[in-house]
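Numbered according to this note's numbering, the sequence shown spans residues 0 to 297.
For each residue, glycine too, the CB sits at the ideal point set by N, CA and C.
Here's the structure we're looking at; comments come further down.
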Amino acid sequence: MLSQWQCIQQNIGTWHGTFAQFSPDGDLVKETPSVLTLEETQPGQRMQLTLERTPDGGTTDITRRSFSAPGPAPYVYFFESGAFSQGTAQWSKFGQFGAEMSLKVGDRRVRFVIMYEGTAEGTSKIKYITLIREAQTGGTRFEEPHFHIEQVLGNWQGRLQMLYASMDPTTAGQSLWTFNEDLSLTCKEENEDEWTLALATCLKGDRSTSPSQTKPISLKKNKDSAPDYQLTPLPNGTYCLMPQIIDQKAAFRVEVGWVRSNKANPETSALIRTRIIRYYDHQGIWRKSALIEDSPAV
0 MLSQWQCIQQ NIGTWHGTFA QFSPDGDLVK ETPSVLTLEE TQPGQRMQLT
50 LERTPDGGTT DITRRSFSAP GPAPYVYFFE SGAFSQGTAQ WSKFGQFGAE
100 MSLKVGDRRV RFVIMYEGTA EGTSKIKYIT LIREAQTGGT RFEEPHFHIE
150 QVLGNWQGRL QMLYASMDPT TAGQSLWTFN EDLSLTCKEE NEDEWTLALA
200 TCLKGDRSTS PSQTKPISLK KNKDSAPDYQ LTPLPNGTYC LMPQIIDQKA
250 AFRVEVGWVR SNKANPETSA LIRTRIIRYY DHQGIWRKSA LIEDSPAV
């Protein structure tokens, strides 16, 4: 197994991309070009991150950050591919809640920043989603179409890696995903209870809307106390699956995914997906994160 420092090293380089912010309904609010550079200034000991963002017609905002081994901060955990997950350690009705998750494939990566805001009822609701698509200098372009729900219909099988907040050793296992034509979703990850959602409504349209539509849909959990979830399609084959409202009644999870052409094994499947799930218990405490790579079952 790679150390956390070796996992972070998978992200060394200069990344050109954009920060695209979306409303809770999935509408693009603004998009800002960016350049992020991660360099190892002292081999095995220290790194520096420099982020430049230049809005149209504006001046460049530069952020610099240095960190030393074993990593940048508590609660930021990297997988061997360079993917990572970080966020609020515990949900609280008195504070802001959010998470960042990054999926890295070759010389490209997609990062998701999901932010919630507090309500007068003591709950949290989705505030915005930021999608950051980045490619290394001279890297592969993003040419995937906008995510369509029909892309992930059917049965999917894959492998997962699980990282724990307790820093217990990483474990591996199997994952199953079944998304039916009626938009009922059943998931099963290794050592996790089966997880089921059913279509509640299409947020921009009615229940008769085709499952190939690209607007968010609301999915209802199979337990009365659990929150409703929102599946939000995003550009270039990406999506978020997250609670619409968070309160202290039940455990919840936040998922991001990236669907792409399976160019490495075109005979096996036309599509492949990478996703991260952050798991929170009924007290709102983050317990673990899973990195999953799956594809349609043959």
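For residue i, three-class secondary structure by DSSP
i: W194; result: strand
i: Y74; result: coil
i: S207; result: In this prediction, S207 has a pLDDT of 44, which is less than 50 and means its spatial position is unreliable; what the coordinates show is noted afterwards. Coil at S207, not helix or strand.
i: D246; result: coil
i: M309; result: Since the first and last residues shown for the chain are 0 and 297, residue 309 lies out of range.
i: A225; result: coil
i: K220; result: strand
i: A98; result: strand
i: R241; result: For the sequence presented, residue 241 should be read as Met rather than Arg. In this structure, M241 counts as strand in the three-state DSSP scheme.
i: S22; result: coil
i: F83; result: strand
i: W14; result: strand
i: F251; result: strand
i: K103; result: strand
i: A88; result: coil
i: T129; result: strand
i: E51; result: strand
i: A199; result: strand
i: Y279; result: strand
i: A289; result: strand
i: P215; result: coil
i: K124; result: strand
i: E189; result: coil
i: G256; result: strand
i: P232; result: strand
Supposed close pair residue i, residue j - CB separation, criterion 8 angstroms
i: G16; j: A119; result: About 37 angstroms separates the two Cβ atoms, so there is no contact after all.
i: V112; j: G94; result: At roughly 16 angstroms, the Cβ-Cβ gap does not stay under 8 angstroms, so V112 and G94 are not in contact.
i: I11; j: E51; result: Rounded, the Cβ-Cβ distance is 17 angstroms, inconsistent with contact.
i: L130; j: L218; result: 20 angstroms between Cβ atoms; not a contact.
i: R277; j: M100; result: 7 angstroms
i: W155; j: P295; result: 6 angstroms
i: L196; j: L184; result: 4 angstroms
i: T53; j: P32; result: 5 angstroms
i: T139; j: R108; result: Incorrect: roughly 11 angstroms between the Cβ atoms, too far for contact.
i: K124; j: I284; result: No, K124 and I284 are not in contact; Cβ-Cβ is about 20 angstroms, not under 8 angstroms.
Where the beta strand (DSSP E) containing residue i begins and where it ends
i: Q41; result: 27–41
i: G117; result: 107–117
i: I284; result: No beta strand (DSSP E) holds I284; DSSP gives it neither H nor E.
i: V297; result: Segment: none, V297 is in no beta strand (DSSP E) and carries neither H nor E.
i: S62; result: Checking the sequence, you will find Thr at residue 62 rather than Ser. From DSSP, the beta strand (DSSP E) with T62 extends over 60–67.
Same chain only: Cβ atoms within 8 angstroms of residue i, ignoring 5 sequence neighbours per side
i: P304; result: Here the chain comprises residues numbered 0 to 297, so residue 304 is not present and cannot be evaluated.
i: A171; result: R158, L159, Q160, M161, E189
i: S207; result: With a pLDDT of 44 at S207, under the threshold of 50, the modelled position of this residue cannot be trusted; read the value that follows with caution. There are no such residues.
i: V104; result: S80, W257, R259, T273
i: T59; result: E51, R52, T53
i: Q282; result: Q89, Q247
i: T122; result: K92, I244, I245, D246
i: L182; result: I148, A197, L198, P210, I216, L218
First through last residue of the alpha helix (DSSP H) which encompasses residue i
i: Q5; result: 3–8
Own chain residues within Cβ distance below 6 angstroms of residue i, not counting five before or after
i: Q3; result: P69, G70, F77
i: L290; result: F78, A82, Q160, I275
i: A299; result: Given that the chain is displayed from residue 0 to residue 297, the structure contains no residue 299 and the question cannot be resolved.
i: Y127; result: Q20, M114
i: V75; result: Q85
i: V151; result: F178
i: S65; result: Q47
i: T13; result: T36, T136
i: Y163; result: K287
Nonlocal neighbours in the same chain, by C-beta distance under 7 angstroms from residue i, ignoring five residues either side
i: L240; result: Y228, L230, E254
i: L27; result: A19, F21
i: C6; result: F77, F78, E79, G81
i: F146; result: T213, P232, L233, G236, T237, Y238, V258
i: A199; result: S217, L218, K219, D227
Every unbroken beta strand (DSSP E) inside the segment 131–186 [3 residues or more]: 153–163, 170–178
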